[in-house]
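*Asks:* Here it is, the structure in full.
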Amino acid sequence: MSESRRYSSDFRLSVDIPGRFDEGVTFEILVVIGALSGVTTVLFGFGGGFVTVPVIVWADAGLGSEAMRTAVATSAVVVFAASAIATASTRSEILASLRGKRVLLALLAVGGVVGGLAARVAPAELGRWSFVAYLGISLIDAVARPGFVRPVGVAAERQSIRAGFGLPVGAVAAFLGVGGSVLTVPLLRRAGHSMESATALANPMTIAITAPAVVPLIASVDVTSAAALLLGATPVVVVLRRYGITIPDIVHARAYVGLIGTVCVAMTLSALY
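Read the sequence shown against the UniProt record's numbering and you will find it ends at 273, with the numbers running on by one and no gaps.
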């Protein structure tokens, strides 16, 4: 593999952490992975966090324990951009569910700042294992408790997410670098939304979290990886939003759970080895 296709940590905004990317990671590979994150953005409301955090940990393995911090920062940028593109192409009748939710969105933003600052100063290993732990809890909750994969009796009217959830949801999401969908999709799902609606609404809520969260993390962003991932994700999001994909609700929910499980296993193996 030629040196021109290997990328070092010099492309990161932060220059105080030495290290090199894993030599098996190329710009082209990151573009392909970015395209995958574009698919997850549209289908599952993940602005890339579930995909980009493990990928950047892998790509920046040479940074050692600092790889997780760089991954969270880079993920926040990718998540924000991908979610903004997805939101811009979401049907207005779906977005109407967020009208009058200014307090919720404001608290999500405040939580994003708190979580971003915490991620900046917390030990890298804490962030890594917190990520794994939360995914594991989310997976067990989705499978074991009725309301996500399995319906709860007769369908009820849609309920609103209480504004008070905004601060903790924003803080946890920003700290883990997942954007918010891993928290907001289950909440929306249990509030009576279809998977299509829940995953679509996760994107504007993710913007509220990641916009302020990026600020305290900006110095740790891996610019080259972020650019490659967005180069792959952007056209995929635009095309899928324009032409749409229809998936049966139960299949959609099970696929969401399957993706959480896959990423949880991948991050656990990464942390152990």
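Note that the Cβ used here is the ideal one computed from N, Cα and C, for glycine as well.
Is it right to say Ala-266 is buried, meaning 16 or more other beta carbons lie within 10 angstroms of its own, or is it exposed?
*Replies:* Start at 1 with the first residue of the sequence shown, and residue 266 comes out as number 266. With 16 or more Cβ atoms within 10 Å of its Cβ, Ala-266 is classed as buried.
*Asks:* Give the straight-line distance between the Cα atoms of Arg-189 and Ala-81, rounded to the nearest whole angstrom.
*Replies:* Taking the sequence shown and counting its residues from 1, the one referred to as residue 189 is at position 189. Taking the sequence shown and counting its residues from 1, the one referred to as residue 81 is at position 81. Roughly 24 angstroms between the two C-alpha positions.
*Asks:* As a quick exercise: from Val-57, Ala-191, Thr-40 and Ala-35, pick the residue whose alpha carbon is nearest that of Leu-272.
*Replies:* Indexing the sequence shown from 1 puts residue 272 at position 272. When each option's Cα is compared against that of Leu-272, the closest is Val-57.
*Asks:* May I have the straight-line CA-CA distance separating Gly-136 from Val-182, to the nearest angstrom?
*Replies:* As a first step, residue 136 must be located in the sequence shown, where it is residue number 136. As a first step, residue 182 must be located in the sequence shown, where it is residue number 182. Roughly 11 angstroms between the two C-alpha positions.
*Asks:* Under a Cβ-count criterion, where at least 16 other Cβ atoms within 10 Å of its own Cβ denotes burial, should Thr-52 be classed as buried or exposed?
*Replies:* Reading the sequence shown from its first residue, position 52 is the one you call residue 52. Under this definition Thr-52 is a buried residue.
*Asks:* Rounded to the nearest angstrom, what separates Thr-262 and Leu-63 at their Cα positions?
*Replies:* In the sequence shown, the residue the question calls residue 262 occupies position 262. In the sequence shown, the residue the question calls residue 63 occupies position 63. For Thr-262 and Leu-63, the distance between alpha carbons rounds to 24 angstroms.
*Asks:* If you run the structure through DSSP and keep just helix, strand and coil, what is Ser-97?
*Replies:* Stepping through the sequence shown from its first residue, residue 97 is reached at position 97. Reduced to three states, the DSSP call for Ser-97 is helix.
*Asks:* Excluding sequence positions up to five away, which residues of its chain have a Cβ less than 7 angstroms from the Cβ of Leu-139?
*Replies:* Start at 1 with the first residue of the sequence shown, and residue 139 comes out as number 139. Around Leu-139: Val-257, Ile-260, Gly-261 and Cys-264.
*Asks:* Looking only at its own chain, which residues have a Cβ that is under 6 angstroms from the Cβ of Ala-118, when we skip the five neighbours before and after it?
*Replies:* Looking up residue 118 in the sequence shown gives position 118. So the list reads Phe-175, once near-sequence residues are dropped.
*Asks:* Using 8 angstroms as the threshold, is the segment 107-122 in touch with the segment 231-242, meaning 3 or more CB pairs across them?
*Replies:* no
*Asks:* Look at Gly-244 and Gly-170 and say whether their C-beta atoms are less than 8 angstroms apart.
*Replies:* Walking along the sequence shown from the start, residue 244 turns up at place 244. Walking along the sequence shown from the start, residue 170 turns up at place 170. Contact: no.
*Asks:* Can you tell me the Cα-Cα spacing of Leu-187 and Ile-161, whole angstroms?
*Replies:* Working through the sequence shown from its first residue, we reach residue 187 at position 187. Working through the sequence shown from its first residue, we reach residue 161 at position 161. Approximately 7 angstroms between the Cα atoms of the pair.
*Asks:* Hey, Val-78 and Ser-37 are a contact pair by Cβ (cut 8 angstroms); roughly how many whole angstroms apart?
*Replies:* Within the sequence shown, numbered from 1, the residue matching residue 78 stands at position 78. Within the sequence shown, numbered from 1, the residue matching residue 37 stands at position 37. Between Ser-37 and Val-78 the Cβ distance is about 7 angstroms, and since that is below 8 angstroms, they are a contact.
*Asks:* Mind the definition here: the segment 85-99 touches the segment 216-223 only if three or more C-beta pairs lie below 8 angstroms; say whether that holds.
*Replies:* no
*Asks:* Starting from Arg-145, follow the alpha helix (DSSP H) in both directions and report where the run begins and ends.
*Replies:* Walking along the sequence shown from the start, residue 145 turns up at place 145. In the DSSP assignment, Arg-145 falls outside any alpha helix (DSSP H) and carries neither an H nor an E.
*Asks:* Please list the terminal residues of the continuous alpha helix (DSSP H) segment that includes Ile-112.
*Replies:* Along the sequence shown, read from residue 1 onward, the residue named residue 112 stands at position 112. First, the residue type needs correcting, since residue 112 is Gly and not Ile in the sequence shown. Per DSSP, Gly-112 belongs to the alpha helix (DSSP H) from 102-121.
*Asks:* Going by Cα to Cα distance, which pick from Ala-213, Ile-247 and Leu-201 is closest to Ala-73?
*Replies:* Taking the first residue of the sequence shown as position 1, residue 73 is located at position 73. It is Ala-213 whose Cα lies nearest to the Cα of Ala-73.
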